[in-house]
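Asks: Numbering (the working numbering), first residue to last: 1321 to 1513. Quick reminder that beta carbons are idealized off the backbone N, C-alpha and C, glycines included. The structure's right below; bear with me while I get my questions together.
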């Protein structure tokens, strides 16, 4: 799905596509040991990160957005579609420690799910995979209504789910504007406010 022109906005928070202009800041985040551990990621070279950015922007199974607060990049959020397209795994990372615990991750996830509900009508369930020691993420997703589906000790993870229908009240409580061309099943422009 092409999200290269999608812009999601709510107040001072914006979700913008992970384009080339954000590669260096993203790469700097992902050189930090704490973020590598929390995201279960491996360090990449800047050139590898540039390749990833291009692949992710063109991917039909993954949507990646940079989170901006007052125009400043503070983190990212992602959706990964399963093989059938009925389930979407959501992730969020607030890389800027100065912007943590201010509700930005919550807003980003709500707006990302809202966009997915509009743009991906086959999606019926949102999923989150969280490390068992990441109590902040567990609390965030539980507060959004996600329920523990299962524990996966071999990966030191807990998996949570939330149906799209159960998420809809969040979209009304925390409205956003979605602008730009995105392709859904019929290829229509998607706009919401």
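With DSSP collapsed to three states, give me the class of residue 1322.
Replies: Start at 1 with the first residue of the chain shown, and residue 1322 comes out as number 2. Three-state result, residue 1322: coil.
Asks: Give the straight-line distance between the Cα atoms of residue 1515 and residue 1387, rounded to the nearest whole angstrom.
Replies: Since the displayed the chain opens at 1321 and closes at 1513, residue 1515 lies outside it and no answer follows.
Asks: Rounding to the nearest angstrom, what Cα-Cα distance links residue 1507 and residue 1396 in this structure?
Replies: Here residue 1507 corresponds to residue number 187 of the chain shown, with the count starting at 1. Here residue 1396 corresponds to residue number 76 of the chain shown, with the count starting at 1. Its pLDDT being 34, under 50, residue 1507 is placed unreliably by the model, and the measurement read from it follows with that caveat. Approximately 26 Å between the Cα atoms of the pair.
Asks: If we count the other Cβ atoms within 10 Å of its Cβ and call it buried at 16 or more, is residue 1337 buried or exposed?
Replies: Here residue 1337 refers to the residue found at position 17 when the chain shown is read from its first residue. Under this definition residue 1337 is a buried residue.
Asks: What ranges does the alpha helix (DSSP H) occupy inside the region 1358 to 1420, keeping only unbroken runs of at least 4 residues that lie completely in it?
Replies: With a minimum length of 4 residues, the continuous alpha helix (DSSP H) runs that stay inside the region 1358 to 1420 are 1366 to 1378.
Asks: Is it buried or exposed, residue 1476, if we count other Cβ atoms within 10 angstroms and call 16 or more buried?
Replies: Start at 1 with the first residue of the chain shown, and residue 1476 comes out as number 156. Residue 1476 should be labelled exposed.
Asks: Mapping DSSP to helix, strand and coil, what is residue 1442?
Replies: What you label residue 1442 is simply residue 122 of the chain shown in a count that begins at 1. It is coil, neither helix nor strand.
Asks: Would you please state the rounded distance, in angstroms, between the beta carbons of residue 1447 and residue 1408? I believe it to be under 8 Å.
Replies: In the chain shown, the residue the question calls residue 1447 occupies position 127. In the chain shown, the residue the question calls residue 1408 occupies position 88. Their Cβ separation, rounded to whole angstroms, is 7 Å, which keeps residue 1447 and residue 1408 in contact under 8 Å.
Asks: Can you tell me where the beta strand (DSSP E) holding residue 1337 begins and where it ends?
Replies: As a position in the chain shown, residue 1337 is number 17, starting the count at 1. Run containing residue 1337: 1333 to 1337, per the beta strand (DSSP E) assignment.
Asks: Between the region 1338 to 1345 and the region 1439 to 1453, do three or more beta carbon pairs fall short of 8 Å?
Replies: As far as the Cβ criterion goes, the region 1338 to 1345 does not touch the region 1439 to 1453, which means the pair count is below three.
Asks: Helix, strand or coil: which one does DSSP assign to residue 1329?
Replies: By one-based count along the chain shown, residue 1329 stands at place 9. Here residue 1329 sits in strand by DSSP.
Asks: Alpha carbon to alpha carbon, how far is residue 1398 from residue 1385? Give it in angstroms, no decimals.
Replies: Translated into the one-based positions of the chain shown, residue 1385 becomes position 65. Translated into the one-based positions of the chain shown, residue 1398 becomes position 78. Approximately 6 Å between the Cα atoms of the pair.
Asks: Locate the alpha helix (DSSP H) running through residue 1347, then write down its first and last residues.
Replies: What you label residue 1347 is simply residue 27 of the chain shown in a count that begins at 1. It spans 1343 to 1349 - the alpha helix (DSSP H) in which residue 1347 sits, taken as one unbroken run.
Asks: Tell whether a beta-carbon distance below 8 Å holds between residue 1369 and residue 1347.
Replies: As a first step, residue 1369 is located in the chain shown; it is residue number 49 there, counting from the start. As a first step, residue 1347 is located in the chain shown; it is residue number 27 there, counting from the start. Contact flag set, yes.
Asks: On the DSSP letters alone, give me the boundaries of the alpha helix (DSSP H) that residue 1468 sits inside.
Replies: The sequence position of residue 1468 within the chain shown is 148, counting from 1. Element bounds for residue 1468: not the alpha helix (DSSP H) but the beta strand (DSSP E), 1467 to 1472.
Asks: Check the C-beta distance from residue 1330 over to residue 1494 and give it rounded, since I have them as a contact under 8 Å.
Replies: One-based indexing of the chain shown puts residue 1330 at position 10. One-based indexing of the chain shown puts residue 1494 at position 174. Correct: roughly 7 Å between the Cβ atoms.
Asks: Pull up the DSSP beta-bridge partners for residue 1481, would you.
Replies: Residue 1481 sits at position 161 when you count from the first residue of the chain shown. Its beta-bridge partners are 1447 and 1467.
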